[in-house]
Amino acid sequence: MWDYSDKVKEHFFNPKNAGAVVDANAIGEVGSISCGDALRLTLKVDDDSEVILEAGFQTFGCGSAIASSSVLTEIIKGMTLDEALKVTNQDIADHLEGLPPEKMHCSVMGREALQAAIANYRGEEWKDDHEEGALICKCFAIDAVMIEEMIWANKLRTVEDVTNFTKAGGGCAACHEDIEAILEKVLAEKGEKFDPSAESVSKPAEKVAAVKAPLTNLQRIKKIEQVLESLRPSLMADGGDVELVEVIGNTAYVNMTGACNGCQMAAMTIAGIQQRLMEVMGEFIKVVPASEMSKLVNIEVA
Amino acid sequence: MTDIYLDNNATTKVDPAVVDVMIPYFLEQYGNPSSIHKFADGVARGLKQARQQVQALIGAEHDSEIIFTSCGTESNSTAILSAIKAQPNKKEIITTTVEHPAILNLCEHLEKEGYTIHRMPVDKAGRLNLESYKRLLSDQVAIVSVMWANNETGTIFPVAEMAEMANAAGVMFHTDAVQAVGKIPMMLQDTKIDMLSLSGHKLHAPKGIGVLYLRRGTRYRPLLRGGHQERGRRAGTENTASIVGLGKACELALEYIEYENTKVKAMRDRLEQGITEQIGHCFVTGDMYNRLPNTTDIAFEYIEGESILMLLNKAGIAASSGSACTSGSLEPSHVMRAMDIPYTAAHGTIRFSFSRYNTMAEVDKVLEVMPGIVATLRKLSPYWDGNGPVANPEQAFAPTYS
């Protein structure tokens, strides 16, 4: 059985807002019956203020699909449509105190149903831009379709390349055989042959570095500040905040303040910040709570 | 009431009598059976007795046809890899689309190495077509591997007949019988089955012990080479306690085989009948007239299996499902897909598998909670409207990217 958080169980066993909203004026239907998950989200939106007055869900799916639907309706009730559009699948997962990697797509389905419903309200057509493949890397929840696309787009040749571009295979490494099989398949389609000892194409981080000079520490700090600034609004929406305390090499020490302080989800939030920093800066950044700093500095000094 | 275990095709409780015979092999007779001292002198006898107990359950002609392995998967891999190594010129394998992953994934791997794999399809009731099977048999085929009984539906394949046909064509025949051994009587010496896999933990022995039955005279190449254990056919120090435990479990299984096919079957039938009578829009999958006595697999339409399992679990009932979500894959069970069960039903399949430890009172308890569970989830389902499925469910609810 999956290791579901108490929050997931709570929303599964006692779902909120189950059923269709009567006289709904926004409907979003997404999912895939072949995968076994499908969701219809119905909203009652106030036409003047665009505030979501009521939200209801009907879900065909597993425990985490039902829990994701339930928590989504709770999150968006009372929001304006524009506010609701900012809700990410990570927000849904965070409200559920995390989801197993195989189940993250349940939160994606929730976000997509929301987008589809809002598009429906506004008379737009919502197109799904995501095709889901078999989950290959369980550490970082990367599927086969994503890996194939990246191999095509970036002319990847080795497992190391795939890890550098998608993170797949960068954790426990158990999926390396599967990644090799995908490489073999895609390279064969391109008329090439997979060679495990081939030279890797250069890492994205190195590419960035080759074009630009490597960041000085001051530049790095400024950049980190910029990224934190951009993340601040979503943290503050939850009543929290983040403060940069020190940067030593590739490690950024931060203080989680406000509601984030002592929150059980702080570790997850920090992981999210780290992810964002790495994406923007194109280099490895480790984000560590400032409370850990004295320990580390002492060790380094010693 | 204590928790109800109806997941015996997944694994079983170790019989206390099995535990009892194992204990001395941990604490007293822990010597290596190859050693010459008093810590080991009873061990060889214990192993011999266990071999004979297994022999009796499956009706093998000789006890030396029993090779102890670590599990069903090892037995399966050993059988198929042995057949292709012993006959390097034969590059084809015949199997079915509904085998256990222990066979399917191995075959897929061999396919990449250049083997041709014939995966026989099944019909909507999970049955094979023996005419097309006959056409596949040729001198190019290294081995046929067909399960005796399906783990999900309990459907029994006519392996004895299929082994005769393979034998007539000069083709080796293996059967993965981990679900069948101990549940239905068998007499291998009267068949042309060359190899058979069984697994201890499916019949109240511990996990980590299995058997490969190897008919005397069948050409064979070991998977594990090393010491002389199992007459050099499976090297590695014997798992003595578990082997002795498996022997005892086989003795008990033989004793209970009639009970399994009467009392256990009656419990299964009552549950199945009760559910299909009380709950609309559900149906039994597989070949109802040719099934293991302990298994029923029921598809509940318009709801999803993992959700059902979570609610069952909350009610203290353990079962399993063929839904995609329970395994973390993107497709429902390959067995359901092979039988062409529609997606709206395949994701909602629940397998109840019994053992001699279950009782009629437990059946009644499941019948008590099951209708409520199904109703709760259908209330959430976009395919359901009030008291029945929405009209034309597949059209009425057609989500993007379905």
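Top to bottom, those sequences are chains A and B. Numbered by our numbering, the letters in the first sequence go through residues 1 to 302 in order. Numbered by our numbering, the letters in the second sequence go through residues 1001 to 1402 in order. Beta carbons are placed, not taken as given, at the ideal position from N, Cα and C, and that holds for glycine.
Legend entry - One or two residues paired with residue 243 of chain A in a DSSP bridge: BP columns for residue 243 of chain A point to A:255.
Inset, instruction - Compare the Cα-Cα distances from residue 1207 of chain B to each of B:1226, B:1245, B:1189, B:1192 and report the closest residue. - result: For residue 1207 of chain B, the nearest C-alpha among the options comes from B:1245.
Inset, instruction - Indicate whether at least one CB of chain A lies closer than 7 Å to the CB of residue 1306 of chain B. - result: At least one chain A Cβ lies under 7 Å of residue 1306 of chain B.
Inset, instruction - Pick helix, strand or coil for residue 286 of chain A, following the three-state DSSP scheme. - result: Assigned with DSSP and collapsed to three states, residue 286 of chain A falls in strand.
Inset, instruction - Please name the residues in the segment 89-119 of chain A whose beta-carbon is closer than 7 Å to at least one beta-carbon of chain B, in chain order. - result: Listed by position along the chain: 102, 116.
Legend entry - Selection from A:80, A:201, A:120 that minimises the alpha carbon distance to residue 151 of chain A: Ranking the options by Cα distance to residue 151 of chain A, first place goes to A:201.
Inset, instruction - Return no unless some Cβ of chain A is closer than 7 Å to the Cβ of residue 1338 of chain B. - result: With 7 Å as the cut-off, residue 1338 of chain B does not count as an interface residue toward chain A.
Legend entry - Through-space distance from residue 1227 of chain B to residue 1259 of chain B, alpha-carbon basis: Computed Cα separation, rounded: 41 Å.
Legend entry - Spatially closest choice to residue 1344 of chain B from B:1354, B:1356, B:1317, B:1331, by CA coordinates: Closest option to residue 1344 of chain B, judged by alpha-carbon separation, among B:1354, B:1356, B:1317, B:1331: B:1331.
Legend entry - Contacts of residue 1380 of chain B in chain E (Cβ-Cβ under 7 Å): Going by chain labels, chain E is absent from the structure shown, which instead holds the protein chains A and B.
Legend entry - Coil, strand or helix - residue 269 of chain A by DSSP: Residue 269 of chain A: helix per DSSP, three-state reduction.
Legend entry - Length of the line joining the Cα atoms of residue 143 of chain A and residue 191 of chain A: It is roughly 23 Å from the alpha-carbon of residue 143 of chain A to the alpha-carbon of residue 191 of chain A.
Legend entry - Own chain, CB closer than 7 Å to residue 1378 of chain B, minus 5 neighbours either side, in chain order: These residues qualify, in order along the chain: 1302, 1303, 1384.
Inset, instruction - Would you decide whether residue 1026 of chain B is buried or exposed? Buried here means 16 or more other CB atoms lie within 10 Å of its CB. - result: Flag for residue 1026 of chain B reads exposed.
Legend entry - Close-in-space but distant-in-sequence residues of the same chain around residue 5 of chain A (CB under 7 Å, 5 per side omitted): Taken in chain order, the residues that qualify are 96, 97, 98.
Inset, instruction - Report, in whole angstroms, the separation of the C-beta atoms of residue 77 of chain A and residue 118 of chain A, which I expect to be a contact under 8 Å. - result: In this structure, residue 77 of chain A and residue 118 of chain A do not form a Cβ contact; the two beta carbons are roughly 14 Å apart against a cut-off of 8 Å.
Legend entry - Meets three-Cβ-pair contact criterion under 8 Å: the segment 1360-1375 of chain B and the segment 1252-1271 of chain B: Judged by Cβ distances under 8 Å, the segment 1360-1375 of chain B makes contact with the segment 1252-1271 of chain B, as three or more pairs qualify.
Legend entry - First through last residue of the beta strand (DSSP E) which encompasses residue 148 of chain A: Here residue 148 of chain A belongs to no beta strand (DSSP E); instead the alpha helix (DSSP H) covers 144-154.
Inset, instruction - Output, in chain order, the set of chain A residues within a Cβ distance shorter than 8 Å of residue 1391 of chain B. - result: Near residue 1391 of chain B there are no residues of chain A at all, since even the closest Cβ is about 16 Å away, more than 8 Å.
Legend entry - Sequence-distant residues of its chain with Cβ nearer than 6 Å to residue 1156 of chain B (five each side left out): Closer than 6 Å at Cβ, skipping near neighbours: 1149, 1290.
Legend entry - From B:1035, B:1341, B:1042, B:1004, residue whose alpha carbon lies closest to that of residue 1029 of chain B: That would be B:1042, whose Cα lies nearest to the Cα of residue 1029 of chain B.
Inset, instruction - Taking C-beta pairs closer than 7 Å, name the residues in chain B that residue 40 of chain A reaches, listed in chain order. - result: Correct list: 1382, 1397.
Inset, instruction - Work out the CA separation of residue 1038 of chain B and residue 1305 of chain B for me, nearest whole Å. - result: Each residue's Cα considered, the two are about 54 Å apart.
Legend entry - Rounded C-alpha distance that separates residue 195 of chain A from residue 1342 of chain B: CA-to-CA, the gap between residue 195 of chain A and residue 1342 of chain B works out to about 41 Å.
Legend entry - Short CB-CB distance (under 7 Å) between residue 1323 of chain B and chain A: Taking 7 Å as the CB threshold, residue 1323 of chain B lines the interface with chain A.
Legend entry - From B:1292, B:1299, B:1062, B:1352, residue whose alpha carbon lies closest to that of residue 1337 of chain B: It is B:1299 whose Cα lies nearest to the Cα of residue 1337 of chain B.
Legend entry - Cβ neighbours of residue 147 of chain A in the same chain (closer than 7 Å, five flanking residues each side left out): Within the same chain, residue 147 of chain A has close Cβ partners 136, 162, 166, 168, 179, 182.
Legend entry - Top-ranked residue by Cα proximity to residue 1110 of chain B, from B:1127, B:1091, B:1097, B:1100: It is B:1091 whose Cα lies nearest to the Cα of residue 1110 of chain B.
Legend entry - Of the residues B:1309, B:1349, B:1249, the one placed nearest residue 1022 of chain B, counting alpha carbons only: It is B:1249 whose Cα lies nearest to the Cα of residue 1022 of chain B.
Legend entry - Under the three-state DSSP convention, the category residue 137 of chain A falls into: Three-state result, residue 137 of chain A: strand.
Inset, instruction - Using the DSSP secondary-structure output, state which residues sit across from residue 1173 of chain B in a beta bridge. - result: Paired residue(s): B:1144.
Inset, instruction - Give a yes or no on whether the minimum CB-CB distance between residue 1005 of chain B and chain A is below 7 Å. - result: So, not an interface residue.
Legend entry - Buried versus exposed, by CB contacts within 10 Å (16 or more), residue 1098 of chain B: Burial of residue 1098 of chain B is indicated by the presence of at least 16 other C-beta atoms within 10 angstroms of its C-beta.
Legend entry - Per-residue contacts from residue 1033 of chain B into chain A (C-beta, under 7 Å): Ordered by position in chain A, no residue passes the 7 Å Cβ test against residue 1033 of chain B, which lies about 35 Å from the chain.
Legend entry - Proximity test, Cβ basis, 7 Å: residue 75 of chain A and chain B: Taking Cβ atoms only, chain B never reaches closer than 7 Å to residue 75 of chain A, which makes this a no.
Legend entry - Element boundaries [alpha helix (DSSP H), containing residue 1136 of chain B]: Membership of residue 1136 of chain B in the alpha helix (DSSP H) is indicated by the continuous run 1130-1136.
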